[in-house]
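Protein chains in written order, with the working numbering: chain A, 93 to 396; chain B, 303 to 605. Before any comments, here is the structure.
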């Protein structure tokens, strides 16, 4: 009813209305901008400042980066996180996409909906809770799948959490808590594929496999990349899993397994705030570059 | 459309063995994943009702007894003079205050980015996107330094304020307003003499209920489950949120950590503590479930 009315109105009043709106817009974002500066930009600046100075505040170039990189634990931590990321991202892409496609093909909407809900439940157990649950699942003395662990050759908790198994175990924990949410997201994206595209594939005689591979997965590409970037940035921050495991295993997984544990250790055990900041900056550069490439290239966030 | 659906049901009724095999395979795969996702939760529920003996020797998916459950409850609440309830209270306080601040900050910001023009809008939008994709854990040590410089270490504000900064919430609200609320509607209200705040409060906000609920849910869960930040900011036991609290319980379980002294906690009590830690999230989650499973994308996709 107001379409013509309002466009006529805005044409005549544009200058006044715009400046009023502009002032209101600034007022509405003011609190957010304060928080963005205080807890986004300022700490980032702080990290960069500390990373390039010494304890006395003198500029030291890259020496903090060199010192931390030469720490005997650094390359190990990089390797651990890299291997974990590889397992985590591959399993996420393969299983989340396959499960979403399977659920989408289910004839019964009720079953599909219930399964999506059940898969999502562990999402409520994020954080320390998921690690505690999996400590139990991986301890052959109490695990409900101890016979399965036995068949795989594991009879004690110590054997299960041997250092070589950790990337896989952390992947299982992360997948258990995180996959359900991503399945819901990818499922939603599948729903957004226009009906006539699917119909056309069916009429052309494409099998379910061909439809998935040639039609659905290409149309999901943007979402899959989005998932990978967020999972990559999150996974590089590995902390709570090895930290809790180190409490439960008397040192099997050290307190310096991941890069974030190493920053904690530099800052609070070795009193080397500048070294900790250098490692933080490295992690930040890696995640922000990944994010920036994604924002710039994918067109996912067509902001304007 | 209807015809296609009809054909599909007809096809399903006449199932040949050649078509049956892949269906069985699909069923098997989905069932296997269902066990993977659900079994640990089920086990955890039952573990809290057992004694440590029953946990080791009994059938893993059996119910223990209410008596053992009560005993576990008593032992857990006795630990450090009811520390567990204190931790739960702390978590509630931290998560709820930051949730309120998040909503008061993020919803107007998302609205302004979507519906109004002002200088620096584009810059703000881009920095929100970048910060949103930047994981907060990298900033924990710098945040500690900053909060330390402001003499707030050990106060609840040292985690509430960083939690309140939630760019993902701004982004979700922004997307919601750009896609779901026509600008003409707001323009009409302005012409009718509504102030800018009135437009937001009376027109935009009521329309935004779903996205407010969604942002609230995500922010609550993110805050409740955060471990690293409070672990660094709140070292005192009586300030810990439940996440850090159950971590400290874990180091008092002899079967996981043989070096424990007299303050031992048994595994069923740890399971009970874990259950308590997830209960608020599960409750919120059951309420939000309707939005999540069917409409999680309502505000997250651009048509």
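Here a beta-carbon is modelled for each residue, glycine too, at the ideal position from N, C-alpha and C.
- Following the DSSP letters along the chain, one finds residue 360(B) in no alpha helix (DSSP H), marked with neither H nor E.
- According to the DSSP assignment, residue 512(B) belongs to the alpha helix (DSSP H) that extends over 511 to 527.
- With fewer than 16 neighbouring CB atoms inside 10 Å of its own CB, residue 186(A) falls in the exposed class.
- Taking the CA atoms as reference points, residue 356(B) sits about 30 Å from residue 543(B).
- Boundaries of the alpha helix (DSSP H) harbouring residue 333(A): 332 to 340, taken from the DSSP string.
- DSSP places residue 350(A) in no alpha helix (DSSP H); its state is neither H nor E.
- The beta carbon of residue 546(B) sits closer than 6 Å to the beta carbons of 532, 533 from its chain, once the five residues preceding and following it are set aside; these are given in chain order.
- Boundaries of the alpha helix (DSSP H) harbouring residue 169(A): 166 to 183, taken from the DSSP string.
- What residue 268(A) touches in chain B, judged by beta-carbon distance under 9 Å, is 338, 339, 342, going in chain order.
- Residue 248(A) has its alpha-carbon roughly 44 Å from the corresponding atom of residue 399(B).
- Residue environment: residue 498(B) is assigned as buried (16 or more neighbouring CB atoms within 10 Å of its CB, all protein chains considered).
- Interface annotation, residue 248(A): not in contact with chain B, CB-CB separation never under 8 Å.
- For residue 352(B), no alpha helix (DSSP H) segment is defined, and its DSSP state is neither H nor E.
- Going by DSSP, residue 496(B) is part of no alpha helix (DSSP H) at all; its letter is neither H nor E.
- Nearest in C-alpha terms to residue 370(B), of all of 414(B), 352(B), 378(B), 424(B), is 352(B).
- Residue 272(A) counts as buried, since no fewer than 16 other beta carbons sit within 10 angstroms of its beta carbon.
- For residue 590(B), the closest Cβ of chain A is not nearer than 8 Å.
- Around the C-beta of residue 154(A), fewer than 16 other C-beta atoms lie within 10 Å, and the residue is accordingly described as exposed.
- Residues of chain B whose Cβ lies closer than 9 Å to the Cβ of residue 253(A) do not exist; the shortest such Cβ separation is about 10 Å.
- Runs of the alpha helix (DSSP H) spanning 4 or more residues and lying entirely within the segment 246 to 294 of chain A occur at 249 to 252, 258 to 283, in chain order.
- Between the segment 435 to 449 of chain B and the segment 137 to 150 of chain A, the count of C-beta pairs closer than 8 Å reaches three or more; the two stretches touch.
- At a cut-off of 8 Å, the C-beta of residue 138(A) has a neighbouring C-beta in chain B.
- By the CB criterion at 8 Å, residue 488(B) and residue 501(B) fall inside the cutoff.
- When the beta-carbon positions are compared, residue 414(B) and residue 132(A) stay at least 8 Å from each other.
- Per DSSP, the continuous alpha helix (DSSP H) segment holding residue 157(A) begins and ends at 155 to 162.
- Within the segment 354 to 394 of chain A, complete beta strand (DSSP E) segments of at least 3 residues are not found at all.
- In the displayed model, residue 330(B) falls within a helix according to three-state DSSP.
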